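Engineer: Can you read through this structure? Questions will come right after.
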Amino acid sequence: MSVHLSPTAFDPAPWDGLLAEIARRHHVPGIVAGVLRIDPETGLEQRLVARAGLANLRTGDVTDRDTVCQVGSITKVVTTTMILQLVEEGRLGLDDAVVDVLPELALESPHAGDITVRHLLTHTSGIDGDLFTDTGRGDDCLERYVATLATADALFAPSTGWSYCNSGFVVAGRIVEVLDGRTWDASLRARITEPLGLSTFLTMPEEVLGHRHQLGHVRAPGATTWTPSAVTSITRSMGPAGLITSSVDDLLSFGGAFVRGGRAPNGGRILQQESVDAMTATQWELDPAAAAMAPRWGLGWMLDEWDGHRMHWHGGTTIGNNAWLQVLPDDGLVLVVFCNGGIAPSAAAEVYRAFAAAFADVAPPRPVTPTGPSTEAVVDDAWLGGYGDASTTLTVARAEGGGFQATVASRMGIVPGADEPEAMPMLPTSDPSRFVVRPDALTPWASVSFTTVDGAPAAYVGIRCLPRRTEEAA
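Spelled out as structure tokens, the structure:
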């Protein structure tokens, strides 16, 4: 599809100015963002990387093109890519039972033997997803993490529901280790970094220290400013689910491989076209209650459309850092945004909306926002009560004076500030089954919705499925 580009479209100076304004309005210390455009006929590429603000408020380091950022859960797409490589090599099948590859895997679920590799990559395994257990920095950390899942509860039977699952991707990373006979980090270098010619797909803090990096910034509940986080990284045990740190350029190059049919400009190949197609084909249509971020899921990728243009993407959130990777394959376009604090989702949405308009003449859908006060919300009595998994609890109740309220307690920052939970008004949206909540005006809206999963009542907070809690469980 031909788009008339401005002669200055790839000039970073005006984009630097736009990013600075967006960062100021949304309290983001620093933004680094980029565009890769690959001509569908010639394969020639053009790049833009823009930057604004500071990488670290404590030191005053400014961002630049080479500043690296934690990409968080975008790592899941990378781990999925390595799994598909193993499938191409004939060493693994997507519908293989995980216990056939990892006989040591023991789960509390009576359905543990039914979980397949495909379930892990599509978040349909039912494994409790947010078990961020620290099993150390040793090369055996994934093996030790998998052993801790012996006490992990099941949210639902495989293929009967959907819930975002970090734990399942650690299991997928362990599969890579076992079949490759080396650490997940070593396979990352051999299978992804070297073929694509990347230099900053980093996994260890000591590697990151050699680069200018965006430090995450956080806000205490009730505060109006963001400060450098005291904890700078998630644990190594969660590596395959969210540990990579990258520059904008290297993440653009990784995304570009999915425009080029699995190839890099230098001829290096990480996937065959058939595997790219499989990863970006619909594997699971989400229940509308779960579709807070995308209506469909592929293998690793979230799938959506912008003005009828195919788009696959993933985001990442770590401690005070946020990242977005978006690919519009038919437009030959890859977008990346990094933010290190502030109201990052709102800031990033403005950045990628501007990129999409300028480089593809498309408009991403607007985020869900409230359509009225809590007193206009309608929640059936059947949904009132408590829900939860190992890391998050939700209580839905009538509010004094009318309307409804939600109290969310989470160790995962699903609703920022909810580590000290307060009841939040549930506000209606244009979808009568979806509500939005937030503790204050400096927090992005989080969605709350209700449905039935595996024959039982459940609530979704964002993209996490929380089964109904019985009195005994509560």
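The numbering of the sequence shown is our numbering, which starts it at 520 and goes up by one. Backbone N, C-alpha and C define an ideal beta-carbon position, used for all residues, glycine too. Keep in mind the model is a prediction, meaning the values are calculated, not measured.
#1: Mind the definition here: the region 874-894 touches the region 823-830 only if three or more C-beta pairs lie below 8 Å; say whether that holds.
#2: Measure how close the beta-carbons of residue 667 and residue 652 come, nearest whole angstrom, since I'm counting them as under 8 Å.
#3: From the DSSP secondary-structure annotation, give me the bridge partner or partners of residue 606.
#4: For residue 792, does the count of other Cβ atoms within 10 angstroms reach 16, so buried, or fall short, so exposed?
#5: Mind checking residue 882: buried by the 16 CB within 10 Å criterion, or exposed?
#6: Going straight from the alpha carbon of residue 642 to that of residue 757, what length do you get?
#7: Pick helix, strand or coil for residue 703, following the three-state DSSP scheme.
#8: Rounding to the nearest angstrom, what Cα-Cα distance links residue 580 and residue 737 in this structure?
#9: Using a 10 Å radius around the Cβ and a threshold of 16 neighbouring Cβ atoms, would you call residue 750 buried or exposed?
#10: Could I get the ranges of all uninterrupted beta strand (DSSP E) runs contained in the region 537-568, with 3 residues as the minimum, in chain order?
#11: Of all the options 929, 845, 916, 707, which has the alpha carbon lying nearest to the alpha carbon of residue 487?
#12: Could you give the first and the last residue of the continuous beta strand (DSSP E) run that contains residue 917?
#13: Going by CA-CA distance only, name the one from 976, 701, 771, 647 that's closest to residue 851.
#14: Give the DSSP-derived three-state secondary structure of residue 940 in the structure shown.
#15: Which word fits residue 735, buried or exposed, when buried means at least 16 other C-beta atoms lie within 10 angstroms of its C-beta?
#16: Suppose the cutoff is 6 Å on Cβ atoms and the five residues either side in sequence are ignored; what does the same chain contact list for residue 914 look like?
#17: How big is the Cα-Cα spacing for residue 603 and residue 789?
#18: Exposed or buried, which one is residue 523 when buried takes at least 16 other CB atoms within 10 Å?
#19: Are residue 835 and residue 550 closer than 8 Å when you measure CB to CB?
#20: Can you tell me where the alpha helix (DSSP H) holding residue 663 begins and where it ends?
#21: Which residue marks the beginning of the alpha helix (DSSP H) containing residue 727, and which one marks its end?
#22: Buried or exposed: which applies to residue 632, given that a residue is buried once 16 or more other Cβ atoms fall within 10 Å of its Cβ?
#23: From residue 515 to residue 691, what does the alpha carbon distance come to, in whole angstroms?
#24: Roughly how many angstroms lie between the CA atoms of residue 783 and residue 533, to the nearest whole one?
#25: Identify whether residue 871 lies in helix, strand or coil by the three-state DSSP scheme.
#26: Output the distance between the C-alpha atoms of residue 699 and residue 531, rounded to the nearest integer angstrom.
#27: Determine the extent of the beta strand (DSSP E) in which residue 893 is found, giving its start and end residues.
#28: Within 10 angstroms of the Cβ of residue 525, are there 16 or more other Cβ atoms? Answer buried if so, exposed if not.
#29: Which two residues bound the contiguous beta strand (DSSP E) that contains residue 823?
#30: Return yes when the Cβ of residue 644 is within less than 8 Å of the Cβ of residue 684, no when it is not.
#31: Please state whether DSSP places residue 933 in a helix, a strand or coil.
#32: Which ranges would you report for the beta strand (DSSP E) in the region 581-635 if only whole runs of at least 3 residues count?
#33: Is the beta carbon of residue 715 closer than 8 Å to that of residue 675?
#34: Pull the bridge partners of residue 928 from the DSSP assignment, please.
#35: Helix, strand or coil for residue 522, going by three-state DSSP, please let me know.
#36: Looking only at its chain, what residues have a beta carbon closer than 8 Å to the beta carbon of residue 671, apart from the 5 residues adjacent to it on each side?
Structural biologist: Based on what the coordinates show:
#1: yes
#2: 5 Å
#3: In DSSP, residue 606 forms no bridge with anything.
#4: Counting other Cβ atoms within 10 Å of its Cβ, residue 792 stays below 16 and is therefore classed as exposed.
#5: Residue 882 comes out exposed.
#6: Whole-angstrom Cα-Cα distance: 16 Å.
#7: helix
#8: 17 Å
#9: exposed
#10: As far as the region 537-568 is concerned, its whole beta strand (DSSP E) runs of at least 3 residues are 549-557.
#11: Only positions 520 to 993 of the chain appear in the structure, and residue 487 is not among them; the question remains open.
#12: That run of the beta strand (DSSP E) goes 911-917.
#13: 771
#14: In the structure shown, residue 940 sits in coil (DSSP, three-state: anything other than H, G, I, E or B).
#15: buried
#16: 905, 926
#17: 9 Å
#18: exposed
#19: No. Outside cutoff.
#20: 660-667
#21: 724-727
#22: exposed
#23: Nothing can be reported for residue 515, as the shown portion of the chain is limited to 520 through 993.
#24: Rounded to whole angstroms, residue 783 and residue 533 show a C-alpha spacing of 29 Å.
#25: helix
#26: 42 Å
#27: Note, residue 893: premise wrong, no beta strand (DSSP E); not H, not E.
#28: exposed
#29: In the DSSP assignment, residue 823 falls within the unbroken beta strand (DSSP E) covering 821-825.
#30: yes
#31: The predicted position of residue 933 is uncertain, since its pLDDT is 47 and thus under 50; no value can be drawn from it.
#32: As far as the region 581-635 is concerned, its whole beta strand (DSSP E) runs of at least 3 residues are 587-589.
#33: no
#34: 912
#35: coil
#36: 626, 627, 628, 646, 647, 650, 686, 909
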